[in-house]
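Heads up, the sequence shown is in the numbering used here, so the first residue is 285 and it goes up one at a time. Just so it is clear, CB atoms sit at the ideal spot from N, CA and C, and this is done for glycine as well. Keep in mind it's a predicted model, so treat the numbers as computed, not measured. What follows is a short report on a single structure.
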Amino acid sequence: MANVDGKWNVTVKSPLGDQQATLDVQSAGDSFSGTFAGGMGTSQVNGTLAGDSMTWKMDITVPMPMTLDCQATVSGDSMDGQVTAGAFGGFPLTGTRA
């Protein structure tokens, strides 16, 4: 299982431009919790871990209320994944350990 604990500097390439955020997570077995904080606010996250993969949902209110489905694969001090925003499609997510 990948070491996901700690702070991550994350970029989501959205239609509104690159969104910079900090993902702060603490794992507990095959799950994790934490916060995703950026220019559009802070969201609580709760997710699952499977090997090197993280999967979570987060509710946002800006630019409109919706639930985002997120997935990332962790390799050492980097992560790559995708954020899916319902009918708006998916957007690349990248991150490095802070």
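Check whether residue i and residue j have beta carbons under 8 Å apart
i: aspartate 361; j: arginine 381; result: yes
i: methionine 324; j: glycine 331; result: no
i: methionine 342; j: valine 329; result: yes
Residues bridged to residue i (per DSSP)
i: alanine 305; result: Val294 and Gly322
i: alanine 286; result: None; alanine 286 has no bridge partner.
Rounded separation between residue i and residue j - CA only
i: valine 294; j: alanine 371; result: 23 Å
i: threonine 368; j: aspartate 353; result: 5 Å
i: glutamine 310; j: alanine 356; result: 15 Å
i: valine 288; j: glutamine 366; result: 16 Å
i: threonine 351; j: alanine 286; result: 25 Å
Cβ neighbours of residue i in the same chain (closer than 8 Å, five flanking residues each side left out)
i: aspartate 302; result: Thr295 and Val296
For residue j and residue i, believed in contact at Cβ under 8 Å, the rounded distance
i: phenylalanine 316; j: serine 327; result: Not quite, the Cβ-Cβ distance comes to about 14 Å (not below 8 Å), so this is no contact.
CB contact below 8 Å: residue i versus chain B
i: threonine 326; result: Annotation note: the requested chain B is absent from the structure, which comprises a single protein chain.
Residue i Cβ short of 7 Å to the ligand MG heavy atom set
i: leucine 377; result: This structure lacks the ligand MG; in fact it carries no ligand of any kind.
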